[in-house]
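Undergrad: The sequence shown begins at 1 in the UniProt record's numbering and counts up one residue at a time.
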Amino acid sequence: MSTNIEEIIAKVPTQLLIGGQWRDSASGETFDVENPATGEKLATLSSANSDDAIAALDAACAVQDEWARTTPRERAEILRRAFDLVQERADEFATLMTLEMGKPFAEAQGEVTYGGEFLRWFSEEAVRDYGRAAIVPEGTLRMITRRKPVGPCLLITPWNFPLAMATRKVAPAVAAGCTMVLKPAKLTPLTAQYFAQTMIDAGLPQGVLNVVAGKSASAISEPLLADDRLRKLSFTGSTSVGRTLLKGAADNVLRTSMELGGNAPFIVFEDADIDQAVQGAMGAKMRNIGEACTAANRFLVHESVAEEFSEKLVAEFEKLKLGNGMDEGITCGPLIESKAVEHVASLVDDAAQKGATIATGGKRRDGVGYFYEPTVITNVSRETRVAQEEIFGPVAPISTFSTEEEALEIANDTEYGLASYVYTENSDRLWRIADGLEFGLMGFNAGVISNAATPFGGVKQSGMGREGGAEGIEEYTSVQYLGIRDPYANA
Ligand code: NAD
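Set out below in structure tokens:
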């Protein structure tokens, strides 16, 4: 490791954050974090167990009331300072993300911008938390609604966007006046640890944010879900883990926000600007090495333009440079772990066996690191696993359709409903498709649509709740209605 990298890693706290103190886990156990491009160990972190999880909730509960009474402006200014600090530390955050997650450094810098924006956005939202005032139709009561912080929250984040998934939850929770326990993914906890230190440096009071990374996720989540002091669970991750957590949340009827898996269709109509669609496809598919819940998972292309689209997409894929994301010019990094390579390879092999054509790529790379070549497959049938499962890798499967109705029917034929993309120059069609698609997010002639100012979330088994936008803070508040006797009412 170069000295610069060693210096950056040395800034990352390796213990648990509980009640404002970084401290070792109760058991003294640890776990290692590795670089998926090289297999090298990056750091050893304290591993939280159930006792640590409860200690973190104790700390969050101890300051909840006091924190809820801080002024919106105070909370806003902490978030704004955190935003500034993240910008100052942008290269450090980007380096940590490339090292622990694998994304190319330029993309990691992009995530610093995207993830940092949640801090600025929610600093602005913190002071715009409005209620309503009205009179009931019978005239007997005046009503006021207001929003109160929901209370101590458990925030569980995935490994694929180590900064943005943390800021997208922590920032609205801070803005709303909630305290929290953050459990980052064990594969990429370094960014979250450094982000927590950044929140402290920005002036966040002790105990508001507690961080418990650990080797066993359920050892942390189960005692917390069973504790009725916890008021909210916000989870981003796979649909299968989301289902387990929802069952666990049922006993205490916990408020939940669930950002789960996706199987995004990318539909290209015969009237689309094909060059624009290919550019959009590169963003929708290859951002984050394809390891995104919003990643285009199924390319559905009108039969009259499928050949042109496929040839142009293959040409773009062949320009990609696979390698260690820290190296100059690399545009596609490693997958997160060897299991991920196995998964992607098995999907491609299954498609090939069922008659698909591998137009480019289609192989894993031997040697150190978890690399799979950027791959385009054509003639992909609906029966293949690649058309049905989340790929989470640099593979673009292309199928064709002949009518608008058929495109909609194929697109909706999934239990998921997160992101979708449509390329057409016909505005009437745009609205018909928007009405017909069962997805929480739709990009029209746009391949990358995530933004702190917009509501992000899915329908069907992609989850519930929204993050970002004006909606994001509502997930961390509950509405209280005050009914006041009308002075002119007889009753
Ligand atoms: P994952 O479900 O395996 O893990 C997510 C988090 O849950 C991690 O912190 C993990 O440690 C924890 N976890 C795992 N098992 C648990 C359990 N039994 N109890 C409590 N916590 C548990 O997902 P992942 O592999 O980290 O991330 C990839 C998945 O996340 C994909 O399915 C992707 O689509 C999804 N994702 C969704 C969004 C979204 O906003 N909808 C964003 C990013 C990723």
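For each residue, glycine too, the CB sits at the ideal point set by N, CA and C. Keep in mind the model is a prediction, meaning the values are calculated, not measured.
Determine the DSSP secondary structure at Y130, reduced to helix, strand or coil.
TA: Of the three classes helix, strand and coil, the one that applies to Y130 here is coil, per DSSP.
Undergrad: To which residues of the same chain is L17 closer than 6 Å at the C-beta, ignoring the five residues directly before and after it?
TA: Counting only Cβ-Cβ distances below 6 Å, and skipping sequence neighbours, we find A196, N210 and V211.
Undergrad: Which residues bound the beta strand (DSSP E) around M442?
TA: Unbroken beta strand (DSSP E) run through M442: L441 to F444.
Undergrad: What are the boundary residues of the alpha helix (DSSP H) that G115 is part of?
TA: It spans F105 to E125 - the alpha helix (DSSP H) in which G115 sits, taken as one unbroken run.
Undergrad: Any idea what DSSP makes of R485, helix, strand or coil?
TA: Reduced to three states, the DSSP call for R485 is strand.
Undergrad: Taking only the alpha-carbon atoms, compute the straight-line gap between A185 and E138 and give it to the nearest angstrom.
TA: Near 53 Å, if we compare the C-alpha coordinates of E138 and A185.
Undergrad: Compute the beta-carbon to beta-carbon distance between residue 495 and L260, rounded to the nearest angstrom, for a pair I have assumed lies under 8 Å.
TA: Examination of residue 495 is not possible in this model, given that the chain is present from 1 through 491 alone.
Undergrad: Return the CA-CA distance between E389 and G362, expressed in angstroms with no decimal places.
TA: If you take the alpha carbons of E389 and G362, they lie about 17 Å apart.
Undergrad: With a Cβ-Cβ cutoff of 8 Å, do L408 and L437 count as a contact?
TA: Contact flag set, yes.
Undergrad: Could you tell me which whole beta strand (DSSP E) segments of length 3 or greater appear in the segment 246 to 275?
TA: Taking only runs of at least 3 residues, the beta strand (DSSP E) segments lying wholly in the segment 246 to 275 are 255 to 259 and 264 to 268.
Undergrad: If we call anything under 8 Å between Cβ atoms a contact, is R229 one with P152?
TA: Closer than 8 Å, so yes.
Undergrad: Between the alpha carbons of G333 and I449, how many angstroms are there, rounded?
TA: Cα to Cα, the separation comes out at about 22 Å.
Undergrad: Between which two residues does the alpha helix (DSSP H) containing W431 stretch?
TA: Taken as a continuous stretch (DSSP letters only), the alpha helix (DSSP H) holding W431 covers S427 to G436.
Undergrad: At which residues does the alpha helix (DSSP H) containing N412 begin and terminate?
TA: Here the alpha helix (DSSP H) through N412 covers E404 to N412.
Undergrad: What are the start and end residues of the alpha helix (DSSP H) that includes E342?
TA: That run of the alpha helix (DSSP H) goes S338 to Q353.
Undergrad: So, does the segment 98 to 116 touch the segment 125 to 142, judging by three or more C-beta pairs under 8 Å?
TA: Touching, no, given that fewer than three Cβ pairs across the two stretches are closer than 8 Å.
Undergrad: I want to know whether the segment 413 to 428 touches the segment 293 to 308 - three or more CB-CB distances under 8 Å.
TA: Segments in contact, yes.
Undergrad: Going by DSSP, what residue range makes up the alpha helix (DSSP H) through F195?
TA: L190 to D201 is the span of the alpha helix (DSSP H), which, as asked, contains F195.
Undergrad: Using a threshold of 7 Å, is the CB atom of C153 nearer than that to any non-hydrogen atom of the ligand NAD?
TA: No - the ligand NAD has no heavy atom lying nearer than 7 Å to the Cβ of C153.
Undergrad: Near S25, which residues of its chain fall below 7 Å by C-beta distance, leaving aside the five closest residues on each side in sequence?
TA: Here the set comprises L16, S46, S47, A48, N49 and D52.
Undergrad: For the ligand NAD, I want to know if E117 counts as a neighbour, meaning its beta carbon is within less than 7 Å of at least one of the ligand's heavy atoms.
TA: No, since every heavy atom of the ligand NAD falls outside the 7 Å radius drawn around the Cβ of E117.
Undergrad: Would you kindly work out how many angstroms separate the C-alpha atoms of T414 and T167, rounded to a whole number?
TA: Taking the straight line from one Cα to the other gives about 29 Å.
Undergrad: Keeping to the same chain, check which residues put their C-beta closer than 6 Å to that of N324; ignore five residues upstream and five downstream.
TA: Hits under 6 Å: A37.
Undergrad: Specify the secondary structure class of F401 as computed by DSSP and reduced to three states.
TA: Of the three classes helix, strand and coil, the one that applies to F401 here is strand, per DSSP.
Undergrad: Considering only heavy atoms of the ligand NAD, does any lie closer than 7 Å to the CB of S427?
TA: Result no, Cβ not under 7 Å from the ligand NAD.
Undergrad: Applying the 10 Å Cβ sphere with the 16-neighbour rule, what's the burial state of R75?
TA: When all chains shown are included, R75 counts as buried.
Undergrad: For E318, does the count of other Cβ atoms within 10 angstroms reach 16, so buried, or fall short, so exposed?
TA: It is exposed - the Cβ of E318 has fewer than 16 other Cβ atoms within 10 Å.
Undergrad: Leaving out the 5 sequence neighbours to the left and right, which residues in its chain are closer than 6 Å to F392 when beta-carbon positions are compared?
TA: Cβ within range, chain order: E291.
Undergrad: Run through DSSP, which three-state label would I5 get?
TA: Three-state DSSP puts I5 in a helix.
Undergrad: Tell me where the alpha helix (DSSP H) around I220 begins and ends.
TA: Looking at the DSSP string, the run of the alpha helix (DSSP H) that includes I220 is A217 to L225.
Undergrad: Should S257 be listed as close to the ligand NAD, given that the test is whether its C-beta is under 7 Å from any heavy atom?
TA: Result no, Cβ not under 7 Å from the ligand NAD.
Undergrad: Cβ of M165 within 7 Å of any heavy atom in the ligand NAD?
TA: For the ligand NAD, at least one heavy atom lies less than 7 Å from the Cβ of M165.
Undergrad: Measure the C-alpha to C-alpha separation of L246 and I220 and round it to an integer number of angstroms.
TA: Their Cα atoms are separated by approximately 15 Å.
Undergrad: Bridge partners for K183 per DSSP, in chain order?
TA: Paired residue(s): I156.
Undergrad: Which value, in whole angstroms, describes the spacing of the CA atoms of residue 493 and I267?
TA: Residue coverage of the chain in this structure runs from 1 to 491, which leaves residue 493 outside it and unanswerable.
Undergrad: CA-CA distance, A217 and L187?
TA: Cα to Cα, A217 sits roughly 11 Å from L187.
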